[in-house]
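In mature numbering (1 follows the signal peptide of the UniProt record, and there is no 0), the protein residues as written are -20 to -1, 1 to 387.
Where is the CB? At the ideal position from N, CA and C, for every residue including glycine.
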Amino acid sequence: MLRISVGLPVVLAIVPTAIGQAPLWGQCGGQGFTGPTTCVAGAVCYYENPYHSNCFPVAKSTEGSNTVATTLGGKLYFGTGVHNYELNDPAYAAKLNNVSLFGQITPASLNWDATESVQGFFTFDEGDAMVTLAKKNGQLVRSPPCISLDQLPNWVNTLDTSPDVLLDILINHCITLVRIHFIVIEVNTHGTELGMVLIGEALCRGNMFVFYAWDIVVDPFTSEGFTAPVGVSVANTVNPSYIDDILTAARAADPAAKLYIAATGMDTPGEQLDGMVGEVQWLQQQGIPLDGIAFQSHFVIGSVPSKEALMANYQNFTSLGLEVAITVLDIRGGLLPDVSGQQQADYETVISACKAVPGCVGVTLADISDKYSNIPVQYSGAGSALPWDINYVATMAYDGIIAGFTN
């Protein structure tokens, strides 16, 4: 009797905890549901419909993605794209400022429509804020593409001018970003320049050493070859050599930064990949400066190429002496986080392919959280594409990232 009377309170103390949490895959909400609404450890309650919310598994990994990428993965960084308004969300800011998670950022506030919405009038307040934050955190900065069809201000789309004038406009915009604004000149206490030319408002700015790379142009090819960089008539399209001119000007503006060309659609063999390889070979023959190729990788769950195929795509360029980087990465699925393991496996495939190629220097997510993703707007029925859900809970996709850098 004594043993029973002593043991019974222990059992009773355990029972409320056990019945107070819904099990993995168990129901945790819905109209008329009266059971537990919190899930066991390792699971989180997701709304499915008015009648059902269920406990889905979350990431098991506790390691920081940037820490693992730079140590076990041998990469320079693991990073993310970011919009300034997202920093008004304390939970978002906490993730971004965690350098164990992110060692690099790509500020959307450096896009053309954000920096020169009116021709000749440049605004850098938001860009400065992001660069200052990165510098404070010790994070690298990559620029978004200087010239991108998706981020052009209205005045560029409505231009009706000559090819030569258009080329001057393109160069002026890029060089203003690279040279006039974001390069810094070291000065001593007497105001004397130290080893560099003093340029405009660059004095007193401390941004040079935080910039790792500039993406000069994105998607310069179509099935017919080069495409116009802006929405002008075909008669006024700049000569394909505009890429050469802008790369040359950018190198003169910031000799320390890496210069990249970016493209989507290069993750599988095809016109984009072939066109880029041919362009790189031509640029190298002409002595035009180019340091790397940026892969903008937007995948659908279950459609990611094999690790070997991705490696071969990256090696097309590293074999030519260039770096490669995955500068935009998302793998979209349904509205709820994928729990089948496929998205996790897909992230692992992409990350492990980069890890296996020494010249692949880093990976940048499209953004941190599904909360601010534009995928539901672009693709009906899709939504879960990033390794943190709308509540900043790390999903199984995060385990895939860690495994990709680790295994």
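Could you give the residue range of the alpha helix (DSSP H) that holds residue i?
i, result
"S45", "S45 to T50"
"I331", "Q322 to A336"
"R312", "Not the alpha helix (DSSP H): R312 falls in the beta strand (DSSP E), residues E303 to R312."
"Q295", "K287 to T298"
"K115", "D105 to N117"
"G255", "E251 to Q266"
On the criterion of 16 or more Cβ atoms from any shown chain inside 10 Å, does residue i qualify as buried, or is it exposed?
i, result
"Q276", "buried"
"Q11", "exposed"
"P367", "buried"
"S89", "buried"
"Y57", "buried"
"E288", "exposed"
"S320", "exposed"
In the structure shown, what three-state DSSP assignment does residue i receive?
i, result
"N216", "Per-residue confidence for N216 stands at a pLDDT of 45, beneath the threshold of 50, marking its modelled position as unreliable; the derived number appears in the next sentence. Residue state, collapsed to three classes: helix."
"S89", "helix"
"H153", "helix"
"P143", "helix"
"Y31", "coil"
"F36", "strand"
"A383", "helix"
"I359", "Note on residue identity: the sequence assigns Tyr, not Ile, to residue 359. Reduced to three states, the DSSP call for Y359 is coil."
State yes or no: is the C-beta of residue i within less than 8 angstroms of the C-beta of residue j?
i, j, result
"P37", "V20", "no"
"A242", "T156", "no"
"F297", "V260", "yes"
"G282", "E328", "no"
"G54", "K335", "yes"
"T60", "L345", "yes"
"L300", "D271", "no"
"R159", "D234", "yes"
"Y192", "L290", "no"
"L147", "D225", "yes"
"V62", "I382", "no"
"A229", "I149", "no"
"L81", "F385", "no"
"Q324", "G313", "no"
"residue 394", "A71", "Look at the range of the chain in this structure, -20 to 387, and you will see that residue 394 is not part of it."
"Y352", "E28", "no"
"L302", "G361", "no"
Since residue i is in the beta strand (DSSP E), which residue starts that stretch and which ends it?
i, result
"Q7", "Q7 to G9"
"L129", "That residue, L129, is in no beta strand (DSSP E); it is neither H nor E in DSSP."
"V343", "C340 to L345"
"D195", "F191 to V198"
"K238", "K238 to T244"
"T60", "Y57 to V62"
Can you tell which of the options has the C-alpha that lies nearest to the C-alpha of residue i?
i, options, result
"Q252", "D199, T18 and T86", "D199"
"D195", "I85, Y26 and I127", "I127"
"D347", "D369, S360, Y359 and C340", "D369"
"W5", "D144, V343, D318 and S349", "D318"
"D310", "I273, L302, A292 and D350", "D350"
Does any C-beta atom of chain D lie closer than 8 angstroms to the C-beta of residue i?
i, result
"D379", "The displayed structure is made up of one protein chain only, and chain D is not part of it."
What I want to know is whether the C-beta of residue i ends up closer than 7 angstroms to one or more non-hydrogen atoms of the ligand SAH.
i, result
"S142", "Looking for the ligand SAH in the displayed structure turns up nothing, as the structure carries no ligands at all."
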